[in-house]
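Presented below is the structure to which this report refers.
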Amino acid sequence: MTVTVYVPNDSGALSLGAGRIAAAIEKEAQQRGLDIKLVRNGSRGMFWLEPLVEVETSEGRIGYGPVQLKDIPGLFDADFLNGGKHTLEVGTIDEIPYFKKQQRLTFARIGLTDPVSLDDYLAHEGYRGLKNALAMSGADIVKQVTDSGLRGRGGAAFPTGIKWNTVLNTPSEQKYIICNADEGDSGTFSDRMVMEDDPFVLIEGMTIAGIAVGATQGYIYLRVEYPHAHRALNTAIEKAYQAGYLGDNIQGSGKKFDLEVRLGAGAYVCGEETSLMESLEGKRGLVRFKPPLPAISGLFGQPTVVNNVISLASVPIILDKGGEYYRDFGMGRSRGTLPIQLAGNIKYPGLVELAFGLTLRELLYEYGGGSASGRPIKAVQVGGPLGAYLPESQFDTPLDYEAFAAIWAVVGHGGIVVFDDTVDMAEMARYSMEFCAIESCGKCTPCRIGSTRGEEVIKDIIAGRDLHKNIPLLRDLCDTLLNGSLCALGGMTPYPVLSALNHFPEDFGITEQASAA
Ligand SMILES: Cc1cc2nc3c(=O)[nH]c(=O)nc-3n(C[C@H](O)[C@H](O)[C@H](O)COP(=O)(O)O)c2cc1C
Ligand code: SF4
219 MTVTVYVPND SGALSLGAGR IAAAIEKEAQ QRGLDIKLVR NGSRGMFWLE PLVEVETSEG
279 RIGYGPVQLK DIPGLFDADF LNGGKHTLEV GTIDEIPYFK KQQRLTFARI GLTDPVSLDD
339 YLAHEGYRGL KNALAMSGAD IVKQVTDSGL RGRGGAAFPT GIKWNTVLNT PSEQKYIICN
399 ADEGDSGTFS DRMVMEDDPF VLIEGMTIAG IAVGATQGYI YLRVEYPHAH RALNTAIEKA
459 YQAGYLGDNI QGSGKKFDLE VRLGAGAYVC GEETSLMESL EGKRGLVRFK PPLPAISGLF
519 GQPTVVNNVI SLASVPIILD KGGEYYRDFG MGRSRGTLPI QLAGNIKYPG LVELAFGLTL
579 RELLYEYGGG SASGRPIKAV QVGGPLGAYL PESQFDTPLD YEAFAAIWAV VGHGGIVVFD
639 DTVDMAEMAR YSMEFCAIES CGKCTPCRIG STRGEEVIKD IIAGRDLHKN IPLLRDLCDT
699 LLNGSLCALG GMTPYPVLSA LNHFPEDFGI TEQASAA
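Numbering (the numbering used here), first residue to last: 219 to 735.
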C-alpha cells in the first residue's frame, strides 16, 4: 500500500533543511523497497517543529519533528510510515494544543494541502466563494464583505467593504486590484505563508474583488526577498488561467480578470499604498499626497483597490460561508480572525490564527510558552517597526484594534516580537529613529530631517548628556513627527520611541532624582 508522506516546501521549513529531508526520505524508501507518495505541503506554522514530517495513517496525520538528516534511518526502523513510536513523534497534528485551539479560517488549508495543486485546492473547499460571487451583483458581493466586518489587515484596519464600495461607485473604463504583498514589518510572515502555502486563496480573493468592483486587471506587488512565494504564485496563476479561473471568460461567466506578479525592489516605504503605486508605475517609491484616495484615483490615475494579502485571502471564505459567519468571530469592532505571528525571543514561534479578543498574555505564555531564553519577558513590540513597545503591565490587553488604540498601541499586521529582560529599550528607541532615517522616502521634512536629528538626540541621552534638555527635546521632536509627517512612516516612529521612553525610563538613565530635577 502506498503511504503518503508530507514534507513542507515552505521557506521557513526549507531554511531548516526540509528540501534535503524530502530527498533523503524518498531515497531511503526506495532503498528499502517501500512505496511512498511524497507531497510537499505548506507549513503548519509551528516553527519549532520544522522540518515537520507528517504521515497519513488511519488515525489521521501523525507528525515527527524537528527531523534532521541523521534521524531518517531511525524513523524508518521505527516504522514511522505506519505511525510508529519515535522520540520525534508529536502525535496527531490536529490534536497538538497549539494547533487544535486555533480558529483557522483564512489559514484553513495551510499545511494541509499541496499549495500548487489546483485539484487539492478544489478538494478542500477552494473556489466556492468565487462560484457564489459569479452569481451575484457587484453591490451584493461588496455587501457581504461589508457585513463581515473585515478590516484591512495591512495595518490601518480600514473597513474593506467601504473601500470596495468607493471603487464600485467610481465610474471608469479601467479599474485595478492591487495586492500589497510587500510585507515589510518586523516579525511578520503571514502574507508569505499564504502566498507560498495556499496561493490559490489569494488569487481567488483578488478575482472576487475584481468582479465585485468591476476591475479587470490585478497586480500582486511582491517584495523581491520572497522568491519561493514568487514561484508558487506564478505556478498557481498559470494553472488558474489554464483551468479558466482567470482570463477573459471566468468559468463561462463572461467576466474577465487578469492577474500578474510584480516585484518590488525592497524598500519599507514601498509598502505604503501610494508609494507602492508609484513603484508599480515604474517610478521611485515616493509617497503621494492624499486626497485623492487610491479608491478614486490610484494606479495610473484610475480607481484602485489596494488590499493586504490577508485581507484578500479572507474574502473567499466570506463569500463561501457568508458575511455573518465571519462576523460571528471576534470582539467589538474587530471582527473575524487574525493570523498572529509570534517571533523574536519566544519558545514556540509560529503562526496562530484566532478570533480577535484573546489577550497578549494568553498568546505569549499559553501559545508562545514564554521566552526562548527562559528569562522574564520585558517588552513586546506589536505591529511592526512602527508599533509601540508594551511592558508586562499591558499584557492583559485583548487583541482588538480599539483596545490597542486606547493604550496608544497598534495591532497592525499582527506581528509580535518578544524581548527578554536583557534588552536595552533606549537602544531600541535609537534603532527606531535610525530605521526611519534609513527608510524615509524623503518627501517631507519632519521625517527626512527629524529622524536623523532624533537618532542624534537619543545617542546624547544614552551617553547621559544634558538629560533635562534632551528628553524634552526628544518629546518635542516626536510631536512634530506625529503631527507633521505626510505618511505613517514618520507619523508613527514616535510610537516605539515614546513607548520605550514612557514605560522604561530607567533604560534612558532617568532616575526619580533626575526627573525631579
Ligand atoms: C511605511 C508603511 C509601510 C507599509 N507597509 C505595508 C505592507 O508591507 N503591507 C501592507 O499590506 N500594508 C502596508 N502598509 C499599509 C498600506 O499603506 C495600506 O494601508 C494597506 O495596503 C491597505 O490594505 P488593507 O486595507 O487590506 O490593510 C504600509 C503603510 C506604511 C505607512
Ligand atoms: S513621513 Fe517619511 S516616508 Fe512618509 S512621506 Fe514623509 S518623508 Fe516620506
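Ideal Cβ positions, reconstructed from N, Cα and C, are used throughout, including at glycine.
Element boundaries [alpha helix (DSSP H), containing residue i]
i       : result
Tyr-459 : 445-460
Lys-381 : 378-386
Lys-245 : 236-249
Ala-706 : 706-710
Lys-288 : No alpha helix (DSSP H) holds Lys-288; DSSP gives it neither H nor E.
Pro-510 : Counting along the chain, Pro-510 falls outside any alpha helix (DSSP H), and DSSP gives it neither H nor E.
Closer than 8 Å: residue i CB and nearest ligand 2 heavy atom
i       : result
Val-505 : yes
Lys-508 : no
Arg-666 : yes
Val-487 : yes
Leu-695 : no
Leu-581 : no
Leu-704 : yes
Check: residue i C-beta below 8 Å from any heavy atom of ligand 1
i       : result
Glu-491 : yes
Leu-707 : yes
Glu-401 : yes
Thr-425 : no
Asp-409 : yes
Arg-262 : no
Leu-323 : no
Ala-655 : no
Val-524 : yes
Lys-661 : no
Leu-699 : no
Ser-366 : no
Asn-383 : no
Gly-370 : yes
CA-to-CA distance, residue j to residue i, given in whole angstroms
i       : j       : result
Ala-590 : Tyr-607 : 19 Å
Arg-410 : Arg-683 : 44 Å
Tyr-394 : Leu-517 : 7 Å
Leu-477 : Phe-507 : 27 Å
Ser-493 : Ala-427 : 22 Å
Pro-723 : Glu-620 : 26 Å
Ser-532 : Lys-539 : 11 Å
Met-651 : Asn-701 : 16 Å
Ile-455 : Phe-418 : 8 Å
Tyr-282 : Leu-352 : 42 Å
Pro-377 : Asp-618 : 14 Å
Phe-435 : Ser-658 : The sequence as given places Gln at residue 435; Phe does not occur at that position. Near 30 Å, if we compare the C-alpha coordinates of Ser-658 and Gln-435.
Pro-567 : Asn-387 : 43 Å
Ser-335 : Met-413 : 13 Å
Leu-451 : Leu-306 : 33 Å
Gln-249 : Glu-277 : 27 Å
Ile-438 : Val-527 : 9 Å
Asp-678 : Leu-692 : 10 Å
Ile-380 : Gly-489 : 21 Å
Gly-356 : Pro-389 : 13 Å
Ala-734 : Thr-711 : Note that Ala-734 scores a pLDDT of 45, beneath 50, so its modelled location is shaky and nothing firm can be said.
Leu-330 : Asp-295 : 26 Å
Ile-728 : Leu-716 : 14 Å
Tyr-544 : Arg-449 : 30 Å
Heavy atom of ligand 4 within 8 Å of residue i beta-carbon
i       : result
Ser-229 : Ligand 4 is not part of this structure, which contains only ligand 1 and ligand 2.
Enclosing beta strand (DSSP E) for residue i [first to last residue]
i       : result
Arg-279 : 278-282
Leu-569 : 568-573
Cys-397 : 394-399
Leu-440 : 435-441
Leu-256 : 254-257
Tyr-607 : 607-609
Residue i vs residue j beta-carbon contact at 9 Å
i       : j       : result
Val-225 : Ala-240 : yes
Gln-362 : Glu-571 : no
Ala-718 : Ala-627 : no
Phe-613 : Thr-577 : yes
Ile-689 : Phe-653 : no
Tyr-459 : Leu-348 : no
Leu-707 : Val-629 : no
Tyr-713 : Gly-605 : yes
Gly-550 : Phe-574 : yes
Gly-402 : Val-442 : no
Gly-660 : Leu-504 : yes
Gly-237 : Glu-268 : no
Chain B within 9 Å of residue i, Cβ atoms only
i       : result
Gly-462 : Given the protein chain composition of this structure (a single chain), no chain B is represented.
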